[in-house]
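Right, one structure below, let's go through it.
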Amino acid sequence: MAAMIAQRRAAAATAAAPKRGARLVARVAQPLAQPGSSGMQTAADASMLARAGLPPTTTPFDDFQFANIREAEVSRAMTRRYFKDLDDFAESDVVIVGAGSAGLACAYELGKVAPHLKVALMEQSVAPGGGAWLGGQLFSAMVVRKPAHLMLDELEVPYEDEGHYVVVRHAALLTSTLMSKVLKNPNVKLFNAVAVEDLIVKPDALSGGRRVAGVVTNWSLVAQAHGTQSCMDPNVIEAGVVVSACGHDGPFGATSVKRLARLGMVPGGEVPGMGALDMEAAEGAIVGGTREVVPGMVLAGMELAEVDGSPRMGPTFGAMIVSGRRAAHVALAVLEKRKKMAAKATAAGAEATAAAAAL
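Going letter by letter, the sequence shown gives residues 1 to 359 in the UniProt record's numbering.
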């Protein structure tokens, strides 16, 4: 009989005790509780906590209230600014195709050394950054060979120094920092989720051949649906110079090189494609090969490997950074060269007109 009474008492104590999960939640929530603070909670909050068996809690956001807004205000706030950007950047000084590590580095450098220029940065993905959100094989860490790490110092991105290279603990740290610097420049506009479908190519009176004079754009989702829908014409952006940093060949890579090849504008007439991996040789080849490949178009990053046949570099990112920065200066030199050529042509025309008038 005594044993039965003891069993019943033990069962009653077990039923009355809070469940293990509830005790754990209460223990986690307890540090948030403050004596005498229950008056700051709403009745609904207090009731909910009571039903859950939790103590009253207080946070800095208990009395948070949003300002009033109408749905039409949100719509106008977005569309008015976006269409103003389309109007402002319809004629850009520089268009950068591809907002991966090389394209972002190019935009960063242009914003730093030529903040007066209008720079349109085109990216067909929703998220810029290309493959620079992760290291190799979806690992987190990013390896940057020296002395390309000097840009990390400039951006104040911390890293581990391994002697002849450095390691950023997560690639996203560098990419997000670089992106934020680029987007703070009011003269740089990122058009993400916008695909470059084609190039504007015109006869070039200054060079006597053909030159790239801008890009043909469309919403990325529209560009992907051309096989199922018709009559989805694009938009255009004129540019003094185009910097293409579309990456190596693949579903979304080497866009500009492929198009130049089909147009017969690639020097030599062939695109040999990227060579096999050789880190030691690849990065120097990419930086050294960054140049204006045809009038009006500068190539940067791994897209250069497609036209030069240089090796792929794998999961190191120093060349992407330095090639993008060098491309910015090459683009500035192209703009300056065309400006001088145009001034010379104008002066020659004025002299010819004056000579004809004197006859």
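Even for Gly, the Cβ is constructed at its ideal location relative to N, Cα and C.
To the nearest angstrom, how far is it from the Cα of residue i to the Cα of residue j?
i, j, result
"A345", "P128", "40 angstroms"
"S37", "M48", "Note on S37: pLDDT 45, under 50, position unreliable in the model; no value is reported."
"V241", "P147", "28 angstroms"
"G296", "D63", "57 angstroms"
"R262", "E238", "21 angstroms"
"E160", "Q137", "20 angstroms"
"R51", "T59", "19 angstroms"
"T217", "R70", "32 angstroms"
"M179", "P272", "32 angstroms"
"V308", "G288", "Inspection of the sequence shows that residue 308 is occupied by Asp rather than by Val. Going by the C-alpha atoms only, they are around 11 angstroms apart."
"S323", "V222", "31 angstroms"
"G39", "V74", "Low confidence applies to G39: its pLDDT is 47, below 50, so where it sits in the model is not reliable, and the reading given next is rough at best. Going by the C-alpha atoms only, they are around 36 angstroms apart."
"V28", "F61", "In this predicted model, V28 has a pLDDT of only 44, less than 50, meaning its place in the structure is not dependable; the value taken from the coordinates is given anyway. Taking the straight line from one Cα to the other gives about 18 angstroms."
"S207", "A328", "22 angstroms"
"A26", "R76", "Low per-residue confidence applies at A26: pLDDT is 46, beneath 50, and the placement is therefore not dependable enough to give any value."
"W219", "A254", "19 angstroms"
"R211", "D204", "6 angstroms"
"S244", "A72", "38 angstroms"
"S101", "L54", "49 angstroms"
Would you decide whether residue i is buried or exposed? Buried here means 16 or more other CB atoms lie within 10 Å of its CB.
i, result
"L190", "buried"
"C231", "exposed"
"A342", "exposed"
"K84", "exposed"
"K184", "exposed"
"G349", "exposed"
"R23", "Its pLDDT being 48, under 50, R23 is placed unreliably in this model, and the value from its coordinates should be taken loosely. R23 should be labelled exposed."
"P35", "Any reading at P35 must be qualified, since the residue scores a pLDDT of 44, below 50, and its modelled position is unreliable; no value is offered."
"V294", "buried"
"M78", "exposed"
"K339", "exposed"
"T353", "exposed"
"G314", "exposed"
"L277", "exposed"
"G227", "exposed"
"E351", "exposed"
Since I believe residue j is in contact with residue i (beta carbons under 8 angstroms), could you give me their beta-carbon distance rounded to a whole number of angstroms?
i, j, result
"I321", "L304", "Not confirmed; about 14 angstroms, so no contact."
"N192", "S125", "7 angstroms"
"A171", "A132", "6 angstroms"
"M274", "D249", "6 angstroms"
"I200", "V215", "7 angstroms"
"P311", "A281", "5 angstroms"
"D87", "K118", "Actually they are not in contact, since the Cβ atoms of D87 and K118 sit about 12 angstroms apart, beyond 8 angstroms."
"V334", "E292", "5 angstroms"
"I145", "H164", "For clarity, residue 145 is Arg in the given sequence; the question names Ile instead. With 8 angstroms as the limit, R145 and H164 qualify as a contact, their Cβ atoms being about 7 angstroms apart."
"G209", "G247", "Going by Cβ atoms, the distance from G209 to G247 rounds to 27 angstroms, so no, they are not a contact pair."
Note the first and the last residue of the continuous alpha helix (DSSP H) segment covering residue i.
i, result
"I286", "M279 to G289"
"F83", "E71 to D88"
"D62", "Counting along the chain, D62 falls outside any alpha helix (DSSP H), and DSSP gives it neither H nor E."
"V330", "G318 to A358"
"K258", "T255 to R262"
"L155", "L150 to L155"
Comparing C-alpha positions only, which one of the options sits nearest to residue i?
i, options, result
"V143", "R169, E156 and D85", "R169"
"L150", "P203, M279, G100 and A319", "A319"
"T175", "E156, R338, S75 and Y165", "E156"
"V166", "Y82, M265 and F317", "F317"
"V194", "Q65, V95, A300 and F61", "V95"
"A98", "Y82, L110 and A120", "As written in the sequence, residue 98 is Gly, which differs from the Ala given in the question. The residue with the shortest Cα to Cα distance from G98 is A120."
"R326", "S101, C106, A205 and L54", "C106"
Start and end of the beta strand (DSSP E) containing residue i?
i, result
"Y165", "Y165 to V168"
"G98", "Looking at the DSSP string, G98 is not in any beta strand (DSSP E), and its letter there is neither H nor E."
"D249", "Neither: D249 is in no beta strand (DSSP E) and is coded neither H nor E."
"D198", "V194 to P203"
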